[in-house]
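Below is one structure; the comments refer to it alone.
In my numbering, the protein residues as written are 49 to 202.
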């Protein structure tokens, strides 16, 4: 789908705050409410906008200990890869999982309460997954930038 300048600006506004009214977006874009409504629906229909979500303050919910865990599988058969991915999808502590190239096969973004919780997660859940050969954990000291937004402008 080809996005024009108005679509790009509308997506930017929605990524910034998707709780505004159609009228507020229309005012910002100098369009009618109907035109903005139709654009939003078209963006959703065409899969440009895939979902809306709420950002949660991790500290306020007691999940501000962030770990980036690199995982290397023992064997890279299709069955092992798919089995690992299915099992990771079931781990609530894992917010993101990336299949990557390089020294490791996967990078997991994990949120838990503290180091003790992370150890418990590693021992009882993560290392219980078959075919994991090696893990390396990095503990986040400070989030310098964290945004769910994707820049789509020029």
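Each residue gets a CB set at the ideal place from its N, CA and C atoms; glycine is no exception.
Taking a contact to require three or more Cβ pairs closer than 8 Å, the stretch 53 to 61 and the stretch 78 to 89 qualify as touching.
Beta-bridge partners of residue 190 (DSSP): none assigned. If only uninterrupted beta strand (DSSP E) runs of at least 3 residues are considered, those enclosed by the stretch 94 to 141 are 113 to 121. Cα atoms of residue 175 and residue 122: separation of roughly 13 Å, rounded to the nearest angstrom. Taken in chain order, the complete alpha helix (DSSP H) segments of 4 residues or longer contained in the stretch 55 to 79 are 70 to 77.
Per the coordinates, the alpha-carbon of residue 137 lies some 43 Å from the alpha-carbon of residue 78.
Cβ-Cβ distances below 6 Å link residue 73 to 61, 84 in the same chain, with the five nearest sequence neighbours on each side left out; the list follows chain order. In the assembly as shown, residue 153 is a buried residue. Its beta-carbon has 16 or more other beta-carbons within 10 Å.
Contact annotation, residue 113 with residue 166: C-beta distance approximately 6 Å; criterion of less than 8 Å satisfied.
Ranked by how close their Cα comes to the Cα of residue 50, the residues 66, 94, 101, 68 have 94 in first place. Assignment of residue 156 by DSSP, reduced to helix, strand and coil, places it in the strand class. Around the beta carbon of residue 171, fewer than 16 other beta carbons lie within 10 angstroms, which makes this residue exposed. Cβ-Cβ separation between residue 118 and residue 184: approximately 5 Å, consistent with a contact (criterion under 8 Å).
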